[in-house]
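These notes concern the structure reproduced below.
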Amino acid sequence: MKQKQSTMKLLALAAGMLTIGAAQADLTVISFGGTNQKAQVKAFYEPFTKETRIAIVQGEYNGEQAKIKAMVDARNVTWDVVEVESPELARGCEEGVYEKLDYSRIGNKKDFLDSAIRECGFGFFVWSTVLAYNADSLKVAPTSWSDFWDLKKFPGKRGMRKGAKFTLEFALMADGVKPAEVYKVLGTKAGVERAFKKLDQIKPHIQWWEAGAQPPQLLASGDVVMSSAYNGRIAAAQQEGRNLKIVWTGNIYDVEFFALPVGVTQRDAAYKFLATVGKADNQKVYSSEIPYGPTNLKAMAQIPAAVAAELPTAPANAKTAVASNTSFWVEHGEDLEQRFNAWAAR
Amino acid sequence: MSAKAIGEAVSGAPSETATPLKTQLRRAERLKKLKYGALIAPLALFLLLTFLWPIGALLMRSIENPEVPEALPQTLRALAGWDRQALPGEDAYAALVADLTENKGSRTLAVAAKRMNMEEPGFRSLFMNTARKLPLEPGVDAREGLLEIDSQWGELGTWQLIARNGRAYTDYFLLAAVDLYRDGAGNIVQADPSASIFVDIFVRTFWMSLIVTVWCVVLGYPVAYLLATQSSRVSNLLMIFVLLPFWTSILVRVAAWIVLLQQGGLINMGLISLGIIDQPLQLVFNRIGVYIAMVHILLPFMILPLYSVMKGISPTYLRAAVSLGCPPFKSYWKVYFPMTIPGLAAGGLLVFIISMGYYITPALLGSPKEQMASYFVAFYTNETTNWGMAAALSAVLLLATLILYFVYNRLVGSATSGARPR
């Protein structure tokens, strides 16, 4: 039941948004909600409001681009700053949904990871999709995606993201594809067949999830014994005392962005907000609140070793990691999602 | 006033006017019609603006295809007389280079590239990368230059796809909504089974709606009968039990069902503590959970029309039948039941049509195997922002519902007209 709460929250929010639109001087910042948003409030929203005396109206969504596109098309943009994943950003940038950024108003480009600087989006953290398991229900620890597929050794349900992205990649790795070659294989027809065939093996044992908050709940309640999950959400559950563990082998990492929809009304405040987000001090606070890696190189150097070891950017964690291939998903996303839907509905 | 005068006033102008009575009557009728028309005009206008026009605009989206003609006008002009059998001539290549150079980095090109990528994954980058590398150096031949950038420009399929999208309207989305597509030569063919989904989804939508309707009849009929036959004090109280859930938000009721039905939920725990089952039953996130919640939510739509019809059936009919020697069950079946058919028909149609568009209940209580057509409309609207596809699916759903409605009307409508109690 909890897993569906986010959908309901979203509906409540949608109703709320209608009334919020009127507040002019405030800055509306939309994120993905949950523990991630709480960390953003502490690390970015609060310092920003303190400094500029501009209040922030918080909102959350699940990354659907339709609402933003409709706002931009109707020239009635009520969202000022939006958190966006990288394929959506790339698409939105080309199609005129997001503004081209003026980096002179944000900070020195050299202070940041190269992958964080995009034409229309400012990358502010590095996150990862990992294999997580409940150490209370599994006596032997799984170590890789092959173990995720091993129903004999690890009986029980598995959680996976309901979609092609971050599902097909794992299937291929479980089938023995090297991390570096995942997208090359997935780019071929035979590779796609191979991934779906591998998924067939565990299909009846998969519990699909949609919102990032679900996997820790499913794991904690014992509904699934292991799951793909966002590393930050698992860490938050660990802090609440849940005995959940992360396997970093074959994780997929990506940068998350803030972007401004074309026709944003609070442009000045929005840029000030991005500058606040880019500051090393604030990013340090963010990474200690939720273990997502900072994009500011100076912040990376300041983070204590214990915290740094839990980040996707830690060398040990990044060793067998796959960088999510944005252009691959921009290109093949729709086709593979359609194929995935057809497969899942059967 | 004399009787004669009154008679003349009533019959209108007497014989001295030339207009025959028929014309006068027609004129009076016309005036009356105009008056009625003026009275309903505001509502008709309102419906037109808020209902018919948006639906029309939505349906138009499923055939609109402006992206490619906007981005590649010169190329399409060069391809106008092309037979699509062999690669086009030099002028088409030159026109394409001109179009791409002109629209380099523009939104127009990105949207056109996205549109073509829907049909053939890989076309987005083909267009975007090619445009990025243009203009060609002076003196370089257009065909050779393009082939140098990407060998796909030398493939027939690439050009067929551009030509196919050359008009402002397309049947691509509507065909895709029933698992069909056009191949390179323009023939309609069946989609690959691994990517076929929508025919199954529509069949599933109908099937699930049918099951829900049948259950609503089975459960709703006795309740409506009870309501209609009890004294008003009792029936009012019972009516509150029907209406209270009816007035509660659907989301609240769905959430409540999740609480009740889940593995550690009230129903499973109760059954286990009573010793009826050992292992919790899987009652939610599958077909059973969706059926339970949908039947619960839609029951009032069956009960209320049935109740209003049953309320109008006088008990004397039944008494008369029994007093004439008809056995109780037979008299019920032969006399009472036929008179409730209009209620059953109205309730059944309501429940069935509402079920066809159900979205939130299967989305929250079902697995991917329970999703109905609306889920995919939402998917294409929100997640992939492919509004053409969303509109096409809606159009197919609307059409199927209308056809069904007419068939239903034929079958039930003729049956009910004879059985109307009043």
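Those protein sequence lines, which keep their order, are chains Y and E.
Per my numbering, the first sequence starts with residue 1, numbered consecutively.
Per my numbering, the second sequence starts with residue 347, numbered consecutively.
Where a beta carbon is used, it is the ideal one built from N, C-alpha and C, also for glycine.
Just so it is clear, the structure is predicted and the values come from calculations on it, not from any experiment.
**OP:** Measure from the alpha carbon of residue 290 of chain Y to the alpha carbon of each residue in Y:186, Y:221, Y:337, Y:124, then state which is nearest.
**Re:** Looking at Y:186, Y:221, Y:337, Y:124, the one whose alpha-carbon comes closest to that of residue 290 of chain Y is Y:124.
**OP:** Take residue 109 of chain Y and list the residues in its own chain whose beta-carbon comes closer than 8 Å to its own, dropping the five residues that flank it on each side.
**Re:** A distance below 8 Å between beta-carbons, with the five flanking residues on each side excluded, links residue 109 of chain Y to the following residues of its chain, in chain order: 103, 117.
**OP:** Kindly identify the DSSP beta-bridge partner or partners of residue 344 of chain Y.
**Re:** DSSP lists no partner for residue 344 of chain Y.
**OP:** Starting from the C-beta of residue 754 of chain E, find all residues in its chain whose C-beta is less than 7 Å away, skip the five residues before and the five after it, and write them out in chain order.
**Re:** Setting aside the 5 residues that flank it on each side, residue 754 of chain E is surrounded in the same chain by 695, each with a C-beta closer than 7 Å to its C-beta; the list follows chain order.
Original post:
Shorter than 8 Å from the beta carbon of residue 339 of chain Y to some beta carbon of chain E?
Top reply: Cβ-Cβ to chain E under 8 Å: yes for residue 339 of chain Y.
Subject >> Cα-Cα separation between residue 711 of chain E and residue 61 of chain Y, rounded to whole angstroms >> reply: So the two alpha carbons sit approximately 21 Å from each other.
**OP:** Note down, in chain order, every chain Y residue with its Cβ under 8 Å from the Cβ of residue 450 of chain E.
**Re:** Correct list: empty, because the minimum Cβ distance to chain Y is about 12 Å.
Subject >> Close Cβ partners of residue 88 of chain Y (< 7 Å) along its chain, the five nearest in sequence each way excluded >> reply: Cβ within range, chain order: 63, 65.
Original post:
Exposed or buried, which one is residue 503 of chain E when buried takes at least 16 other CB atoms within 10 Å?
Top reply: It counts as exposed.
**OP:** Check residue 558 of chain E in the structure and name its three-state DSSP category.
**Re:** Looking at residue 558 of chain E - three-state DSSP - the assignment turns out to be helix.
Original post:
With residue 681 of chain E and residue 670 of chain E assumed to form a contact (beta carbons below 8 Å), what rounded beta-carbon distance in angstroms separates them?
Top reply: With a Cβ gap of about 10 Å, residue 681 of chain E and residue 670 of chain E do not count as contacting.
Original post:
So residue 420 of chain E and residue 444 of chain E are in contact, right, with Cβ under 8 Å, and what is the actual spacing, rounded?
Top reply: With 8 Å as the limit, residue 420 of chain E and residue 444 of chain E qualify as a contact, their Cβ atoms being about 5 Å apart.
Original post:
In chain order, what residues of the same chain lie with their CB nearer than 6 Å to the CB of residue 22 of chain Y, ignoring the 5 residues before and after it?
Top reply: Its pLDDT being 42, under 50, residue 22 of chain Y is placed unreliably in this model, and the coordinates cannot settle the point.
Original post:
Given that a residue counts as buried once 16 or more other Cβ atoms are within 10 Å of its Cβ, and exposed if not, what is residue 398 of chain E?
Top reply: Its Cβ having fewer than 16 others within 10 Å, residue 398 of chain E is exposed.
**OP:** Determine the DSSP secondary structure at residue 218 of chain Y, reduced to helix, strand or coil.
**Re:** In the structure shown, residue 218 of chain Y falls within a helical segment according to DSSP collapsed to helix, strand and coil.
**OP:** Determine, using beta-carbon pairs with one atom in the stretch 219–229 of chain Y and one in the stretch 145–156 of chain Y, whether at least three such pairs fall under 8 Å.
**Re:** Verdict: yes, contact present.
Original post:
What does a CB cutoff of less than 6 Å around residue 454 of chain E pick up in its chain, not counting 5 residues either side in sequence?
Top reply: These residues qualify, in order along the chain: 416, 417.
Original post:
So is residue 721 of chain E buried or exposed if we call it buried at 16+ other beta carbons inside 10 Å?
Top reply: It is buried - the Cβ of residue 721 of chain E has at least 16 other Cβ atoms within 10 Å.
Original post:
Just by C-beta distance, which residues in the stretch 491–513 of chain E are closer than 7 Å to chain Y?
Top reply: Listed by position along the chain: nothing, the set is empty.
Original post:
Using a Cβ-Cβ distance under 8 Å, would residue 748 of chain E count as near chain Y?
Top reply: No, because no Cβ of chain Y sits closer than 8 Å to the Cβ of residue 748 of chain E.
Subject >> Endpoints, beta strand (DSSP E) assigned at residue 194 of chain Y >> reply: DSSP places residue 194 of chain Y in no beta strand (DSSP E) but in the uninterrupted alpha helix (DSSP H) bounded by 189–202.
**OP:** Check the Cβ-Cβ distances between residue 94 of chain Y and every residue of chain E, and say whether any is below 8 Å.
**Re:** Yes, residue 94 of chain Y lies at the interface with chain E (some Cβ there is under 8 Å from its Cβ).
Subject >> Between the CA atoms of residue 338 of chain Y and residue 345 of chain Y - distance to the nearest angstrom >> reply: Taking the straight line joining both Cα atoms gives about 11 Å.
Original post:
Does the distance from the CB of residue 130 of chain Y to the CB of residue 251 of chain Y come in under 8 Å?
Top reply: It is a contact, given that the beta carbons lie within the stated cut-off.
**OP:** Taking only the alpha-carbon atoms, compute the straight-line gap between residue 187 of chain Y and residue 54 of chain Y and give it to the nearest angstrom.
**Re:** Spanning the two alpha carbons is a distance of roughly 46 Å.
Subject >> Proximal residues to residue 198 of chain Y (C-beta, below 8 Å), its chain only, five neighbours per side dropped >> reply: So the list reads 149, 171, 172, 174, 175, once near-sequence residues are dropped.
**OP:** Identify, in the order they occur along the chain, each residue of the same chain with its Cβ nearer than 7 Å to the Cβ of residue 515 of chain E, setting aside the five sequence neighbours on each side.
**Re:** For residue 515 of chain E, where only same-chain residues beyond five positions count, the Cβ hits under 7 Å are 409, 410, 411.
Original post:
Identify the residues that DSSP records as bridge partners of residue 173 of chain Y: which are they?
Top reply: Answer by DSSP bridge pairing: none, since residue 173 of chain Y is not bridged.
**OP:** Assign residue 44 of chain Y to one of two classes, buried (16 or more other C-beta atoms within 10 Å of its C-beta) or exposed (fewer than that).
**Re:** By the C-beta density criterion, residue 44 of chain Y is buried, having at least 16 other C-beta atoms within 10 angstroms.
**OP:** Flag residue 319 of chain E as yes if its beta-carbon sits less than 8 Å from any beta-carbon of chain Y, otherwise no.
**Re:** As displayed, chain E neither begins before 347 nor continues past 768, which places residue 319 of chain E out of reach and without an answer.
**OP:** Could you check if residue 192 of chain Y is buried or exposed, using at least 16 other CB atoms within 10 Å of its CB as the buried criterion?
**Re:** When all chains shown are included, residue 192 of chain Y counts as buried.
Original post:
Hey, out of E:730, E:731, E:701, whose CA is closest to residue 717 of chain E's CA?
Top reply: Looking from the CA of residue 717 of chain E, the closest CA among E:730, E:731, E:701 belongs to E:701.
**OP:** In angstroms with no decimal places, state the Cα-to-Cα distance between residue 75 of chain Y and residue 29 of chain Y.
**Re:** Between residue 75 of chain Y and residue 29 of chain Y, the C-alpha separation is close to 18 Å.
Original post:
Taking only runs of the alpha helix (DSSP H) that begin and end inside the stretch 485–538 of chain E, which ones reach a length of at least 4 residues, in chain order?
Top reply: Counting only unbroken stretches of 4 or more residues, the alpha helix (DSSP H) elements lying wholly within the stretch 485–538 of chain E are 488–495, 502–510, 518–522, in sequence order.
Subject >> Best match in E:725, E:756, E:750 for proximity to residue 544 of chain E [C-alpha to C-alpha] >> reply: Nearest C-alpha to residue 544 of chain E: E:725.
**OP:** Answer with yes or no whether the minimum CB distance from residue 458 of chain E to chain Y is below 8 Å.
**Re:** No, no contact with chain Y.
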